[in-house]
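First the structure, in the form of structure tokens, and then the observations on it.
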Amino acid sequence: MTTEIYGNLINGEWDTSGPKLANVNPSDTSDIVGHLANATKNQVDDAIAAARAAQPAWEAVKLEEKKNMLHAIGQELIDRCDEIGTLLSREEGKPFSEGRGETFRAGEFYQYYAAECLRQIGESAASVRPGINIDISREAIGVVGLITPWNFPIAIAAWKMGPALAYGNTIVLKPSEVTPATAHLLAEVLNKHLPKGVFNMVQGGGEVGAALSAGKIDGVSFTGSVATGRKIAQAAIQNMTRIQCEMGSKNPILIMDNADMDIAVAQSIHGAFGASGQKCTASSRLIVHENIHDEFVEKLTKAAEAKKVGHALAEGTELGPIVSENQMNKILGYMELAKEEGGELITGGARLERETEGYYLPPTIYTNTKNDMRVNREEIFGPMTCIQKVSSYEEGLTITNDTDFGLAASIITSNLKQAENFKRKARYGSVLVNLATAGLDYHVPFGGRNASSYGPREQGMHAKDFYTIMKTAYTNPG
Ligand code: NAD
Numbered sequence: 038m039t040t041e042i043y044g045n046l047i048n049g050e051w052d053t054s055g056p057k058l059a060n061v062n063p064s065d066t067s068d069i070v071g072h073l074a075n076a077t078k079n080q081v082d083d084a085i086a087a088a089r090a091a092q093p094a095w096e097a098v099k100l101e102e103k104k105n106m107l108h109a110i111g112q113e114l115i116d117r118c119d120e121i122g123t124l125l126s127r128e129e130g131k132p133f134s135e136g137r138g139e140t141f142r143a144g145e146f147y148q149y150y151a152a153e154c155l156r157q158i159g160e161s162a163a164s165v166r167p168g169i170n171i172d173i174s175r176e177a178i179g180v181v182g183l184i185t186p187w188n189f190p191i192a193i194a195a196w197k198m199g200p201a202l203a204y205g206n207t208i209v210l211k212p213s214e215v216t217p218a219t220a221h222l223l224a225e226v227l228n229k230h231l232p233k234g235v236f237n238m239v240q241g242g243g244e245v246g247a248a249l250s251a252g253k254i255d256g257v258s259f260t261g262s263v264a265t266g267r268k269i270a271q272a273a274i275q276n277m278t279r280i281q282c283e284m285g286s287k288n289p290i291l292i293m294d295n296a297d298m299d300i301a302v303a304q305s306i307h308g309a310f311g312a313s314g315q316k317c318t319a320s321s322r323l324i325v326h327e328n329i330h331d332e333f334v335e336k337l338t339k340a341a342e343a344k345k346v347g348h349a350l351a352e353g354t355e356l357g358p359i360v361s362e363n364q365m366n367k368i369l370g371y372m373e374l375a376k377e378e379g380g381e382l383i384t385g386g387a388r389l390e391r392e393t394e395g396y397y398l399p400p401t402i403y404t405n406t407k408n409d410m411r412v413n414r415e416e417i418f419g420p421m422t423c424i425q426k427v428s429s430y431e432e433g434l435t436i437t438n439d440t441d442f443g444l445a446a447s448i449i450t451s452n453l454k455q456a457e458n459f460k461r462k463a464r465y466g467s468v469l470v471n472l473a474t475a476g477l478d479y480h481v482p483f484g485g486r487n488a489s490s491y492g493p494r495e496q497g498m499h500a501k502d503f504y505t506i507m508k509t510a511y512t513n514p515g
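Numbering of the sequence shown is given in the working numbering, commencing with residue 38 and proceeding in unit increments.
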């Protein structure tokens with residue numbers, strides 16, 4: 038395995054100057070994956086200028102040519118998903134099956150938006166004035182800044198870049214400083230298939246993102262924490278830059294006493310511990326009917342303890358390490374807090390040792406928690422879930438909606454009336470029945486309510502609401 042410098046891509050050229058930051062493998066801290074070249078403010082401005090210069094020609098590219106380019110990008114990611122997925126798992130820590138799957142999904146995003154290139158269909162309207170024709174069309178917004186987190190380093194970039202490109206925008210991407218290597222490979226693929234300047238990338242941390250969001254761009258699409266989202270929105274509004282923020286959540290699964298127990302356990306395990314709980318859609322609150330509570334806890338604990346925690350690239354690993362020491366310490370802090378707040382630890386709760394030194398945490402479950410505890414109100418972003426007991430569907434629904442967030446909520450029930458009521462009454466961007474809160478499709482809208490989302494939805498054809506602006510044309514044919 039090689040140590041590389043992950044540079045900045047500006048107008049089709051790589052620039053590796055600038056101070057270097059190490060990129061550590063969280064499964065084995067003795068493995069330095071590479072070093073990123075931290076971009077300067079001037080490089081950010083140069084990247085924006087390159088995107089600005091390339092935008093009119095990109096918007097004018099024939100639809101089929103654009104479609105073919107996006108399709109080729111998607112195909113290359115799919116063809117190289119073993120190689121790219123290995124690097125992703127090495128630097129981010131998710132098991133190889135998930136790293137590979139995420140890369141494959143990124144390819145699917147590009148191919149979906151390749152097809153969307155041909156589905157840019159406007160509207161026409163009758164005028165209130167006789168003899169006047171009205172056409173309503175959409176145009177690219179221009180240059181977009183995309184700021185992404187580390188937990189899905191290739192899929193999130195893809196679900197933003199696919200629509201940005203399909204609708205004629207040019208891009209400056211600022212990936213997470215925690216996952217620069219995956220971003221570098223992705224950028225190499227894009228740079229191969231797109232004209233110079235259409236896609237640019239600046240590497241670095243918060244200050245680079247801040248320079249981009251305050252820059253002369255037309256839109257900024259951000260995914261990350263609420264605290265960062267607030268800062269980005271404040272910076273962007275100074276220039277009246279269009280804003281889209283996708284942020285954290287505190288997603289519940291409501292498990293009713295009529296639930297299929299196997300589904301309840303399997304979906305809770307998948308939702309709470311997939312990607313070691315480092316998902317914005319992680320099921321971090323389990324709201325369980327008292328009639329089945331004890332049986333559910335027993336079976337859930339058994340299933341959690343059977344999970345194999347280990348090196349992301351080792352065969353059989355089901356939970357990889359936490360992405361960084363900082364994140365691990367934050368999660369350990371919440372494990373302590375749960376005890377202080379009166380929760381009962383059922384399994385997990387402390388750091389694990391493995392053959393290589395890494396940031397390993399076990400699946401962790403607390404019971405006897407209340408919805409007003411901080412562990413049920415704040416995003417933990419780790420393999421930890423908290424159980425609350427309820428005595429009715431109504432009480433469960435009230436707790437489901439008692440949150441500052443609103444990304445995804447599930448109910449496990451065999452009662453159609455409860456399922457339908459939950460779909461209508463749960464105040465979330467996605468609602469699911471007999472499924473976990475995590476694991477969503479890529480061709481339909483994605484986003485949340487309250488502090489989870491700000492601005493239009495991502496993914497599917499509705500992504501155009503952010504990446505395009507409408508124009509209304511009036512014609513008097515004479
Ligand atoms: P983060 O907010 O720390 O960082 C996200 C990105 O913002 C990074 O690229 C970072 O460098 C950049 N950044 C940091 N400070 C900035 C500033 N002042 N100005 C501009 N950019 C800045 O989040 P993270 O730890 O990378 O990711 C985890 C968070 O992402 C969690 O809260 C999770 O819920 C959220 N997330 C949300 C979704 C969703 O679609 N809703 C999906 C995945 C992750």
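Idealized CB from N, CA, C, for every residue including glycine. Here the structure is a predicted model, which means the values were calculated and not measured.
Option nearest residue i by Cα separation, candidates the options
i: alanine 296; options: Ile417, Ala510, Ile449 and Arg137; result: Ile449
i: isoleucine 368; options: Glu392, Glu394, Thr422 and Asn328; result: Thr422
i: aspartate 65; options: Gln157, Arg127, Gln496 and Thr354; result: Arg127
i: proline 56; options: Lys501, Gly370 and Gln240; result: Gln240
i: glycine 242; options: Gly476, Asn45 and Ala510; result: Asn45
i: asparagine 288; options: Gly492, Thr474 and Gly347; result: Thr474
i: tyrosine 479; options: Val470, Ala463, Ala500 and Met284; result: Ala500
i: alanine 247; options: Thr185, Ala163, Ile324 and Gly159; result: Thr185
i: alanine 194; options: Thr260, Gly168, Gln281 and Ala59; result: Thr260
i: isoleucine 269; options: Tyr491, Asn363, Glu457 and Ile329; result: Tyr491
i: threonine 354; options: Ala162, Ser313, Leu469 and Glu394; result: Ser313
i: glutamate 160; options: Arg175, Arg166, Gly168 and Glu129; result: Arg175
i: threonine 338; options: Ala163, Asp52, Val215 and Ser305; result: Ser305
i: arginine 156; options: Tyr204, Lys316, Glu129 and Gln315; result: Tyr204
Close Cβ partners of residue i (< 6 Å) along its chain, the five nearest in sequence each way excluded
i: lysine 103; result: Cys154
i: asparagine 170; result: Thr512
i: arginine 494; result: Pro482 and Gly484
i: proline 399; result: Val346, Gly385 and Leu389
i: methionine 498; result: none
i: histidine 330; result: Lys426
Per-residue burial, residue i [other beta carbons within 10 Å of its own, 16 or more giving buried]
i: methionine 507; result: exposed
i: histidine 221; result: buried
i: alanine 218; result: buried
i: lysine 426; result: buried
i: lysine 211; result: buried
i: leucine 202; result: buried
i: lysine 131; result: buried
i: lysine 197; result: buried
i: glutamine 275; result: exposed
i: serine 451; result: exposed
i: glutamine 271; result: exposed
i: isoleucine 69; result: exposed
i: lysine 99; result: exposed
i: asparagine 62; result: buried
i: glutamate 101; result: exposed
i: isoleucine 173; result: exposed
i: valine 334; result: buried
Cβ-Cβ distance between residue i and residue j below 8 Å
i: isoleucine 359; j: glycine 419; result: yes
i: alanine 387; j: threonine 406; result: no
i: alanine 341; j: phenylalanine 310; result: yes
i: isoleucine 300; j: histidine 326; result: no
i: methionine 372; j: tyrosine 396; result: no
i: valine 209; j: alanine 84; result: yes
i: tyrosine 150; j: proline 200; result: yes
i: threonine 384; j: threonine 401; result: yes
i: leucine 125; j: glutamate 145; result: no
i: methionine 284; j: serine 262; result: yes
i: glycine 252; j: glycine 182; result: yes
i: alanine 192; j: alanine 143; result: yes
i: valine 302; j: lysine 336; result: yes
i: asparagine 487; j: phenylalanine 459; result: no
i: arginine 411; j: histidine 348; result: no
i: glycine 466; j: leucine 444; result: yes
i: leucine 323; j: isoleucine 424; result: yes
Cβ neighbours of residue i in the same chain (closer than 8 Å, five flanking residues each side left out)
i: phenylalanine 141; result: Leu114, Ile115, Cys118 and Gly122
7 Å CB neighbourhood of residue i in its chain, flanking five on each side removed
i: isoleucine 178; result: Asn206, Asp255, Gly256, Arg279, Tyr504, Thr505 and Ile506
i: isoleucine 47; result: Gln80, Asp83, Ala84, Ala87 and Asn237
i: isoleucine 110; result: Tyr147, Val226, Leu227 and His230
i: glycine 234; result: Asn48, Gly49, Ala87, Ala88, Ala90, Ala91 and Thr207
i: glutamine 455; result: Met293, Tyr430 and Ile448
i: lysine 78; result: Ala248
i: aspartate 439; result: Asn408
i: alanine 446; result: Asn288, Pro289, Thr437, Ala463, Tyr465, Val468 and Thr474
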